[in-house]
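**Q**
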Amino acid sequence: MYGGYHWIASGSQGVVTPTGTIVLSALAVILGMQFLLGFIGADVASVPARPIHKKNRNTVDAG
426 MYGGYHWIAS GSQGVVTPTG TIVLSALAVI LGMQFLLGFI GADVASVPAR
476 PIHKKNRNTV DAG
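If you use this note's numbering, the sequence shown corresponds to residues 426 to 488, in order.
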């Protein structure tokens, strides 16, 4: 939102958008993606060592 607003405002005035504004906006996007990828990686890696439920004796074990 911040970067888009300043980009449109600078473009309508015919002024070049400052580099710091662009970097600040890009940094927010990059950090957001890194946090999302880190969360997904931790979620996939956390396999339970012991099942929470009790084994049902009436079912056939496929493994």
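Every residue gets a Cβ at the ideal spot worked out from N, C-alpha and C, and that includes glycine.
The alpha helix (DSSP H) spanning residue 431 covers which residue range?
**A** Taking the first residue of the sequence shown as 1, we reach residue 431 at position 6. Where residue 431 is concerned, the enclosing alpha helix (DSSP H) stretches over 427–438.
**Q** Can you look up residue 477 in the DSSP assignment and give me helix, strand or coil?
**A** Stepping through the sequence shown from its first residue, residue 477 is reached at position 52. In this structure, residue 477 counts as coil in the three-state DSSP scheme.
**Q** Could you tell me whether the Cβ atoms of residue 441 and residue 435 are closer together than 8 Å?
**A** To locate residue 441, count along the sequence shown from 1; it is residue 16. To locate residue 435, count along the sequence shown from 1; it is residue 10. Their beta carbons are under 8 Å apart, which means residue 441 touches residue 435 by this criterion.
**Q** Report the option in 447, 464 and 462 whose CA atom is closest to the CA atom of residue 403.
**A** No statement about residue 403 is possible, as the shown extent of the chain runs from 426 to 488 and does not include it.
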